[in-house]
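In my numbering, the protein residues as written are 3 to 390.
In structure tokens:
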């Protein structure tokens, strides 16, 4: 199935995908609204495969096939296609506890030689190990053979830890390659290995990646990822931004502004990478927050504000994240499938009127703005040639 020009997706976890009742309701939402894609779990961070019958030797060896959440994925994908719903297979990559524990030679190591663990006791696989890359590619092939139209890598990063914790982590085979370069190499390698299937290969990144200059210590640098993946999905959840970012005491209370700022950063940095580096770049497709956490209730108005922020930044695709895949509370924010206004808009909701403060954007962009102004000023002082 061809990728829609504007993708508007719902996240569907494996257990929801395995429930015919839940899927019937989610398909109803898509049939009635602007939603035209589902992002469905194939392998989550618990490392179990969502489907039965894998032929992958490593998956069978470690027992990743022992808890399939659904038995009807090929039929489900066929059903989605019949409803005009684009199917995207989500695969968690480097947060893979089961492999790391049962095949320690594939794990991130502690300086003392043991398997390194995060503050929750979880083990991660080594992002530099191509055996890990090839394992996930094999899973992707099985998913794509079921009929999925697109592949999405998640947790395509190094662990998010303190500098102190990072200092004791060891990566056999890193050979001096930086974290960001390694993530870029992983994505480009997987695209090359899967090019015979001819589907988009996409990647999720932290929302803050659109804003910062470095790789956040996790290997995710905007310019590096956007020049590797076909689509990059920054997780721009307002609740996940720290106090003071963009000048907001409570970013969570400003969903329109946060999404417009973050999406503008992503769009401008992508255009700069394309024009200055002379390379192909991916599409930007932000994740939006369809859940209520951290003391704030998010309903249809907060969701529509996020969507409008994406559009006002010049982007056209987005995905809705709710970990339980429960979207009933947000249906009034969604426009009907045949166009027109959403129920929320018909009740009088208006898009916010707000002048974007460019000085609040990423330092990367602010520096470029200053350089452009300086160049214009310098040009204006040059003597103009006389006209004869």
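In this text, a Cβ means the ideal position worked out from N, Cα and C, and glycines have one as well.
305 is the residue among 355, 305, 311 and 320 whose C-alpha sits nearest the C-alpha of residue 333.
With respect to the C-alpha of residue 180, the residue from 226, 6 and 316 having the closest C-alpha is 226. Under the three-state reduction of DSSP, residue 291 is assigned to strand. Per the DSSP secondary-structure output, residue 320 pairs in a beta bridge with 10. Distances from the alpha-carbon of residue 317 to those of 131, 345 and 263 put 263 closest. In this structure, the straight-line span from the alpha carbon of residue 196 to that of residue 217 is close to 26 Å. Note on residue 278: under 16 other CB atoms within 10 angstroms of its CB, so exposed under the neighbour-count rule. Using a Cβ-Cβ distance cut-off of 8 Å, the stretch 205 to 215 and the stretch 225 to 240 are in contact, since at least three pairs of beta carbons, one from each stretch, lie closer than that value.
For residue 43, the enclosing beta strand (DSSP E) begins and ends at 39 to 45. Per DSSP, residue 355 is not a residue of any beta strand (DSSP E), being assigned neither H nor E. Straight across, the Cα-Cα distance linking residue 246 with residue 252 is about 7 Å. Between the stretch 91 to 103 and the stretch 63 to 75, the count of C-beta pairs closer than 8 Å reaches three or more; the two stretches touch. Looking at the DSSP output, residue 17 shares a beta bridge with no other residue. Excluding its 5 nearest sequence neighbours in each direction, residue 360 has C-beta neighbours in its own chain below 8 Å: 367, 368 and 371, listed in chain order.
When beta bridges are read from the DSSP output, residue 234 appears opposite 205 and 286. Here the alpha carbon of residue 145 sits roughly 14 Å from the alpha carbon of residue 198.
Pairing residue 293 with residue 137, the inter-Cα distance amounts to about 33 Å. Taking C-beta atoms under 8 Å as the contact rule, residue 87 and residue 29 qualify, at a distance of about 7 Å. In the DSSP assignment, the residues bridged to residue 125 are 119. Counted as a single uninterrupted DSSP element, the beta strand (DSSP E) harbouring residue 88 occupies residues 88 to 94. Pairing residue 135 with residue 96 gives a Cβ-Cβ distance that is not under 7 Å. Less than 7 Å separates the beta-carbon of residue 129 from that of residue 160.
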